[in-house]
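In full-length UniProt numbering, the protein residues as written are 1 to 699.
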């Protein structure tokens, strides 16, 4: 038997049903006995929505009013009545089982499942399997219109069914016509058999993803604006009614390994992906979620992995994954199992633990744990910020994709001591930073934050050939991210003027970009930290007498960046130097160096734009070891190999942070006391504090 089902919401109708998150206000159904070609009673039920404000389209098409709906039953009561009435009709017809049949996928997938999920009550099993009448009709009549173009009216017209929509109430005509279409498909000329229903997954299935897999780009979306604490199950609930592929939710992490509010979701086919895109700006709690298309390559970059250890860890299916962060570096498997306790047993004991380590085997303080059920996972989450040893431990829900992503991040990042290329002077002599008042530069303002060098070159069009070599400079903010500004050095002032006239307020992606002519001096002020606006130039910090740092000594033949600029931009990576007994007594002047292009690939901090060696904002600076000063003064350059050790960079420090606060922050860590003379400009008092025998690791 089939139960022909039709519904409407308080908002959009037809192809946009469910796209506006409006609630269900009408259900109409009728039981059809396929074998005996009989029908049961036709039922129509109004549904009382929480918001009775009907759209103009709904009022016009359905003829319903808020007053009439105010007297109706809520959705959960209507669904109970639905089950009871269907059961009684089946008994009358002598049947026992049934499958739903609807006009397309939207009513089941985009309305009923999302709404009941938000209202926290379960749908009966009958709503997880249904026939799409449009697909069945196209299978029976291949010469008819494409499935996406079908409607009840077009199917009736194709069969020549003479039904008048105006004679029946809204919903009643649709169900009667659908029943007539089904009987036509069952006639002797067609003998159509309903065999393969559409299915809705009851729950999201976790699982690993290999980088060798082929992922169809037509099945992947990017969800943006997620709460940072949301899990893969929360995202699956947001897309309730749609079938997500196994292990198809990949939470994205930022450069610090924390969730950035985005996720890539892979669906079983392109049809499900297209339905997911209709949920753009639907709500998860009080937040609206943006949904965009993504590619299979992006998904594999986040979710794919190659580690056999990870694959073995994730091979146990239907497990709840919890991430532990902040573990003591000396913590063992026994320590973690003891911390979790008997109330939340780990699946497989020690085999259910995965410690995250650096390539050299040192622990990162992160671990992933498997639990066999939700109850055990909830018990574990209650231990959030409890103490293990002398540290509090953070616990979060995690996903298989996050396991892969975290392991990929740590295991694929070479340590600074393994830089394969030598250190070379900061700027090759042929290129220099523009200076003077000649207005041979242009400033681009309002760039999309995702814009790169290639986007700018495409934006410039034919004028690209007039750009000086290495003449594109992206301006970064204090966090090392694109600020939306860029400077371009042109070959002449006339070329800069023509570009400003031609490209001003031209569109780049979905934003218009302002283009102004400026001088090299103005460009340098901004690149060195100053501001350029309608009020004129505001000098960078290094130009203010009260803020001017001690000047670095630099060889004029090797460096053409002003010493103040080199001092302003802090090192990305700081190399320990070769020490002699005399080296620690007096620190010689520091020379600013620039790593080779290949070496930049190993700087696992902010991803800078590839426009060196001209712009200070795009150059990675390395403070040369004192032993390199003599070598830099000669014509030959000897590669300086770093010694064993690891360095860290701190971002986000309070502006009033002092040396004592940093020492206290790193209390309990060991460091090499002789490795600091060439890192930053220090007073003698500060240097004596650094070289004191304390246990901490330095920047």
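Ideal Cβ positions, reconstructed from N, Cα and C, are used throughout, including at glycine.
It should be emphasised that the depicted structure is a prediction, and the values quoted were computed from it without experimental measurement.
Handout entry: Heavy atom of the ligand GDP within 8 Å of residue 524 beta-carbon
Key = As for the ligand GDP, it is missing from this structure, which has no ligand bound.
Practice task
Provide the residue(s) that pair with residue 30 in DSSP beta bridges, ordered along the chain.
Solution key: Locating residue 30 in the chain shown gives position 30, counting from the first residue. Its beta-bridge partners are 4.
Practice task
Determine which residues share a DSSP beta bridge with residue 517 and list them.
Solution key: Within the chain shown, residue 517 is the residue found at index 517, counting from 1. Partner(s): 442.
Exercise for the section: May I have the straight-line CA-CA distance separating residue 447 from residue 487, to the nearest angstrom? Expected result: As a first step, residue 447 is located in the chain shown; it is residue number 447 there, counting from the start. As a first step, residue 487 is located in the chain shown; it is residue number 487 there, counting from the start. Looking at the backbone, the Cα of residue 447 and that of residue 487 are separated by about 11 Å.
Problem - Nearest residue (CA-CA) to residue 312, options 339, 210, 221 - result: Translated into the one-based positions of the chain shown, residue 312 becomes position 312. The candidate whose alpha carbon is nearest that of residue 312 is 210.
Problem - Collapsed DSSP secondary structure at residue 250 in the structure displayed - result: Looking up residue 250 in the chain shown gives position 250. DSSP places residue 250 in strand when its eight states are reduced to three.
Practice task
Alpha carbon to alpha carbon, how far is residue 523 from residue 470? Give it in angstroms, no decimals.
Solution key: Within the chain shown, numbered from 1, the residue matching residue 470 stands at position 470. Within the chain shown, numbered from 1, the residue matching residue 523 stands at position 523. Whole-angstrom Cα-Cα distance: 14 Å.
Handout entry: Whole-Å CB distance - residue 25 paired with residue 15, under 8 Å assumed
Key = Taking the first residue of the chain shown as position 1, residue 25 is located at position 25. Taking the first residue of the chain shown as position 1, residue 15 is located at position 15. About 18 Å; that fails the 8 Å criterion.
Exercise for the section: Determine, using beta carbons only, whether residue 343 and residue 379 come nearer to each other than 9 Å. Expected result: As a position in the chain shown, residue 343 is number 343, starting the count at 1. As a position in the chain shown, residue 379 is number 379, starting the count at 1. Yes, Cβ-Cβ distance for residue 343 and residue 379 is below 9 Å.
Exercise for the section: For the stretch 277-285 and the stretch 148-168, state whether three or more C-beta atom pairs, one from each stretch, are separated by less than 8 Å. Expected result: Not touching, per the Cβ criterion.
Problem - C-alpha distance - residue 247 paired with residue 299, whole-angstrom precision - result: Here residue 247 is taken as the residue at index 247 of the chain shown, counted from 1. Here residue 299 is taken as the residue at index 299 of the chain shown, counted from 1. Cα to Cα, the separation comes out at about 11 Å.
Exercise for the section: Mind reading off the beta-carbon distance from residue 402 to residue 323? Whole number of angstroms is fine, and I expect it under 8 Å. Expected result: Residue mapping note: residue 402 aligns to position 402 of the chain shown, counting from 1. Residue mapping note: residue 323 aligns to position 323 of the chain shown, counting from 1. About 7 Å; that satisfies the 8 Å criterion.
Handout entry: DSSP state of residue 176 mapped onto helix, strand, coil
Key = Counting from 1 along the chain shown, the entry for residue 176 is found at position 176. Three-state result, residue 176: helix.
Problem - Beta-carbon gap between residue 455 and residue 490 smaller than 9 Å - result: Mapped onto the chain shown, residue 455 falls at position 455. Mapped onto the chain shown, residue 490 falls at position 490. Not a contact, by the Cβ cut-off of 9 Å.
Practice task
Verify whether the separation of the beta carbon atoms of residue 304 and residue 408 is less than 9 Å.
Solution key: Sequence index remark: in the chain shown, residue 304 carries index 304 (1-based). Sequence index remark: in the chain shown, residue 408 carries index 408 (1-based). Contact flag set, yes.
Handout entry: Contained alpha helix (DSSP H) runs [length at least 4] in the UniProt domain "RRM" (320-400), N- to C-terminal order
Key = Fully enclosed alpha helix (DSSP H) runs of 4 or longer: 333-340, 374-381.
Exercise for the section: For residue 267, name the three-state secondary structure that DSSP assigns. Expected result: Reading the chain shown from its first residue, position 267 is the one you call residue 267. In the structure shown, residue 267 sits in a strand (DSSP, three-state: E or B).
Handout entry: the stretch 82-100 / the stretch 30-43 touching (three or more Cβ pairs under 8 Å)
Key = yes
Handout entry: Residue ranges of each alpha helix (DSSP H) within the stretch 198-262, 4 or longer
Key = 232-238
Exercise for the section: Compute the distance between the beta-carbons of residue 515 and residue 443, then report whether it is under 9 Å. Expected result: Taking the first residue of the chain shown as position 1, residue 515 is located at position 515. Taking the first residue of the chain shown as position 1, residue 443 is located at position 443. Cβ atoms of residue 515 and residue 443: closer than 9 Å.
Handout entry: Where residue 176 falls, given that 16 or more other Cβ within 10 Å makes a residue buried
Key = Taking the chain shown and counting its residues from 1, the one referred to as residue 176 is at position 176. Buried, since its Cβ has 16 or more Cβ neighbours within 10 Å.
Exercise for the section: Determine, using beta carbons only, whether residue 52 and residue 63 come nearer to each other than 9 Å. Expected result: In the chain shown, the residue the question calls residue 52 occupies position 52. In the chain shown, the residue the question calls residue 63 occupies position 63. No.
Handout entry: Candidates 302, 315, 365, 310: closest to residue 332 by CA position
Key = Numbered from its first residue, the chain shown carries residue 332 at position 332. The shortest C-alpha separation from residue 332 is found at 365.
Exercise for the section: Could you please give me the residues that DSSP links to residue 73 through a beta bridge? Expected result: Your numbering for residue 73 matches position 73 in the chain shown. Bridge partners of residue 73: 47.
Practice task
Enumerate in chain order the residues of its own chain whose CB-to-CB distance from residue 155 is below 7 Å, with the five nearest sequence positions on each side excluded.
Solution key: The residue you call residue 155 lines up with position 155 of the chain shown. Here the set comprises 137, 181.
Exercise for the section: Return the CA-CA distance between residue 17 and residue 106, expressed in angstroms with no decimal places. Expected result: Within the chain shown, the letter at position 17 stands for residue 17. Within the chain shown, the letter at position 106 stands for residue 106. C-alpha separation (whole angstroms): 6 Å.
Handout entry: Option in 81, 476, 13, 28 with minimal Cα separation from residue 61
Key = On the chain shown, residue 61 is found 61 positions in, with the first residue counted as 1. Comparing Cα positions, the closest option is 13.
Exercise for the section: Give the C-beta separation of residue 713 and residue 139 to the nearest angstrom, bearing in mind that I take them to be a contact with Cβ-Cβ under 8 Å. Expected result: Not covered by the structure: residue 713. The range shown for the chain is 1 to 699.
Practice task
Name the two residues that bound the continuous beta strand (DSSP E) containing residue 488.
Solution key: Position 488 of the chain shown, counted from the start, is the residue given in the question as residue 488. Start and end: 482-490.
Handout entry: Burial state of residue 273 (16 or more Cβ within 10 Å)
Key = Numbered from 1 along the chain shown, position 273 holds the residue referred to as residue 273. The residue is buried, with at least 16 neighbouring Cβ atoms inside 10 Å.
Practice task
Reducing DSSP to helix, strand and coil, say where residue 16 ends up.
Solution key: Indexing the chain shown from 1 puts residue 16 at position 16. Residue state, collapsed to three classes: helix.
Practice task
Given a cut-off of 9 Å, decide if residue 85 and residue 116 are closer than it, judged by their beta-carbon atoms.
Solution key: Residue 116 sits at position 116 when you count from the first residue of the chain shown. Residue 85 sits at position 85 when you count from the first residue of the chain shown. No, the pair does not count as a contact, with Cβ atoms beyond the cut-off.
Exercise for the section: Give a yes or no on whether the C-beta atoms belonging to residue 201 and residue 128 are separated by under 9 Å. Expected result: By 1-based counting over the chain shown, the position of residue 201 is 201. By 1-based counting over the chain shown, the position of residue 128 is 128. Yes. Within cutoff.
Handout entry: Residue burial classification, residue 398 (beta-carbon count within 10 angstroms, cutoff 16)
Key = Within the chain shown, residue 398 is the residue found at index 398, counting from 1. Buried, because 16 or more other Cβ atoms sit within 10 Å of the Cβ of residue 398.
Practice task
Return the CA-CA distance between residue 95 and residue 101, expressed in angstroms with no decimal places.
Solution key: Translated into positions along the chain shown, residue 95 becomes position 95. Translated into positions along the chain shown, residue 101 becomes position 101. Taking the straight line from one Cα to the other gives about 16 Å.
Practice task
For the stretch 118-160, list the alpha helix (DSSP H) runs that are entirely contained and at least 4 residues long, ordered along the chain.
Solution key: 133-140, 152-159
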